[in-house]
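A.B. asks: Shown below is the structure under consideration.
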Amino acid sequence: MKYFITAAIPYVNAKPHIGHALEFVQGDVIARYHRILGHDTLYLCGADENALKIVQAAEKAGMEVLPFCDANANLFQSLMKKLDVQLDIFERASSESHHISSKKLWELCEKNGDIYKKAYQGLYCVGCEAFYTQEELNENGECFEHPGKKLDVVTEENYFFRLSRYKNQILKLIESDGVHVVSEIRKNEMIGFLNGDVQDISISRSRERARNWGVEVPKDPSQMMYVWFDALNVYQSGVGFGTDEKQYNTWWPADAHLIGKGILRFHAVYWIAMLLSAGLSLPKEIFVHGYITIGGQKMSKTLGNVIDPLDLIQTFDIDPLRYYFLREMSSIDDADFTIERMSEVYQAHLANELGNLVSRLAKLCESLPLQIFEVPTSFTKQVAQYIVQFALKNGIDHIWDRIVLINKTLTDTKPWEKDEKEKITLLAPLVQELIQVGYDLQPFLPNTAEKIMRRFAGSRITASEPLFPKRTS
Ligand SMILES: [Zn+2]
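Below, the structure is given as structure tokens:
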């Protein structure tokens, strides 16, 4: 069995923030879970580089576009490594393979009669790289993603994609979970959109407006592809669409696209329509997460509250940060981050609940003639079900409830007051359960999980240094 999951490809116009880190970690949990089950697993991400706002950011930084993208793309890849995210493919939209692949996608849609040229005037948000209709804007006529920023009125002759043709087909697919959108709220949002007036979309812009950067339209060098048309195709170009058919046929379609709520329409409607038009297979699931707020406020450069995930890893280490993302934050709705809460959680949940339990239990077992415990061979059923449903928080909640229960049983039964035989009777099932906790934690907190299993399974139990050392800062 194969499992192919993608994370949304970030714009590489700036360095990564904790929102990116959250998504990379969520995808990693799901990918690791499938790897542990022995599935052929592929986790793909990449860089969205063909946007006007990247050209603008490079200009502002006084750099050529490509080296500017190189530098930022490296930061994203290095963040993933530092988060222990096991990524298999990082496909860049500036790569030759991606350009070839995107031209092929265009040609297939064109061959099917879904691409035509017409003059167009519209309100364009540079931040989103998208045209909006008046109804899609807030009461000040601004886009919801970029309030406070005036939209440009842009007129030009562009290529259009016949999105309207696929409206009913996509509506049926989403209603019937043929393309399964998680959560229900997001699914209904798309059903609402598709029940409205769905118009054809512009998929190219003049070479001048694109500042000569991006993927050229096949047979028309005066036009460049609209960034979303080629960006979505990174999911395919990364597995060889148009360049390595064998690899492509092995992996495509994606089993899951993991995305933030702001780009749902592009994935659940535009992308599906493009694939239908090109006669290609459709992704099976789209898992949508919310945004991170910082102390209740939207994260933004203007507010100066953007948090660098590398600083957090430096201060708290990898697993504590992963823990915060997965347990303290909703897997599907907006969720808040504060350093204060991060410190609290480190102390209360990690150092006290789990760390102390591991130390206490190891200490109690150290001198006892206990059996050698074996490593489990499967996940707890409920945890597995939660992961498959993308209910990552429920999964780790379930594990933590059991940690709390082991602690409680230990405190209630007081094995340290008992004779050796009774001690063993009381402690053995607790050790067994803690080892299963370690096994279940593997996709979530890989380092911690390994330490727990190594300490209690496969050989004699020995006490050693705490899992989560006391923090001085
Ligand atoms: Zn916008």
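Counting from 10, one number per residue, gives the positions in the sequence shown under this note's numbering. Ideal Cβ positions, reconstructed from N, Cα and C, are used throughout, including at glycine.
(1) Have a look at V21 and V354 and give me their C-alpha separation to the nearest angstrom.
(2) Can you tell me the Cα-Cα spacing of R214 and D161, whole angstroms?
(3) Figure out for me which residue from E68, N59, M89 has the closest Cα to the Cα of A30.
(4) Could you name the residues, in chain order, whose CB is less than 5 Å away from a heavy atom belonging to ligand 1?
(5) Determine, using beta carbons only, whether F85 comes closer than 9 Å to chain D.
(6) For V94, collect the residues of the same chain with a Cβ closer than 7 Å to its Cβ; drop the 5 residues on either side in sequence, then sort them by chain order.
(7) Alpha carbon to alpha carbon, what distance is there between D428 and F382?
(8) According to DSSP, simplified to helix, strand and coil, what is Q65?
(9) CB-CB under 6 Å to F334, same chain, minus the five flanking residues each way: which ones, in chain order?
(10) In the DSSP output, what is H298 paired with across the bridge?
(11) Distance check for L182 and E100, CA to CA, integer angstroms please.
(12) Would you call the CB atoms of R195 and V278 closer than 9 Å?
(13) What are the residues that DSSP puts in a beta bridge with S213?
(14) Please identify the residue among A400, R464, W260 whose C-alpha is closest to the C-alpha of E193.
(15) With a Cβ-Cβ cutoff of 9 Å, do I341 and G305 count as a contact?
(16) Rounded to a whole number of angstroms, what is the C-alpha to C-alpha distance between T50 and Y12?
(17) Taking the alpha carbon of Y133 as the reference point, which residue from K159, Q245, P76 has its own alpha carbon closest?
(18) So for D93, helix, strand or coil by DSSP?
(19) Can you tell me the Cα-Cα spacing of L80 and V236, whole angstroms?
(20) Measuring only the C-alpha atoms, how far is E217 from D406?
(21) According to the Cβ coordinates, are F169 and Y129 closer than 9 Å?
(22) Using only CA atoms, which one of T252, E337, S468 lies nearest to L379?
(23) Going by Cα to Cα distance, which pick from K293, F202, D410 is closest to R336?
(24) Counting C-beta neighbours from all protein chains within 10 Å, is the total for Q323 16 or more, i.e. buried, or is it exposed?
(25) Quick one: give me the first and last residue of the beta strand (DSSP E) that F346 is part of.
(26) When you compare only the Cα positions, how much space is there between S376 and L450?
(27) Suppose you measure from the CA of K479 to the CA of A23; what does that come to, to the nearest Å?
(28) Provide the residue span of the beta strand (DSSP E) that contains L175, from first to last.
(29) To which residues of the same chain is V440 closer than 8 Å at the C-beta, ignoring the five residues directly before and after it?
(30) Express the C-alpha separation of L172 and Q208 in angstroms, rounding to a whole number.
(31) Can you check DSSP and say which residues form a bridge with Y125?
(32) Between the segment 100-119 and the segment 246-256, do at least 3 Cβ pairs fall closer than 8 Å?
(33) Please classify Q380: does DSSP put it in a helix, a strand, or coil?
(34) Since L476 and T457 should fall inside the 8 Å C-beta cutoff, what is the C-beta to C-beta distance between them, to a whole number of angstroms?
(35) Please state if the CB of F346 and the CB of I301 are separated by a distance shorter than 9 Å.
(36) The alpha helix (DSSP H) spanning V191 covers which residue range?
C.D. replies: Looking at the coordinates:
(1) 31 Å
(2) 14 Å
(3) M89
(4) C134, G136, C137, C152, E154, H155
(5) Looking at the structure shown, chain D is missing, and only one protein chain is on hand.
(6) F33, V34, D37
(7) 21 Å
(8) helix
(9) L31, V34
(10) G269
(11) 28 Å
(12) no
(13) M234
(14) A400
(15) no
(16) 5 Å
(17) K159
(18) coil
(19) The residue asked about is misnamed: residue 80 is Ala in this sequence, not Leu. Roughly 20 Å between the two C-alpha positions.
(20) 52 Å
(21) yes
(22) S468
(23) D410
(24) exposed
(25) 344-346
(26) 27 Å
(27) 34 Å
(28) What sits at residue 175 in the sequence shown is Tyr, not Leu. First-last for Y175: undefined, no H or E at that position.
(29) L370, C374, L379, F382, F465, I470
(30) 6 Å
(31) F169
(32) yes
(33) coil
(34) 6 Å
(35) yes
(36) Unbroken run through V191 is the beta strand (DSSP E), 189-191; no alpha helix (DSSP H).
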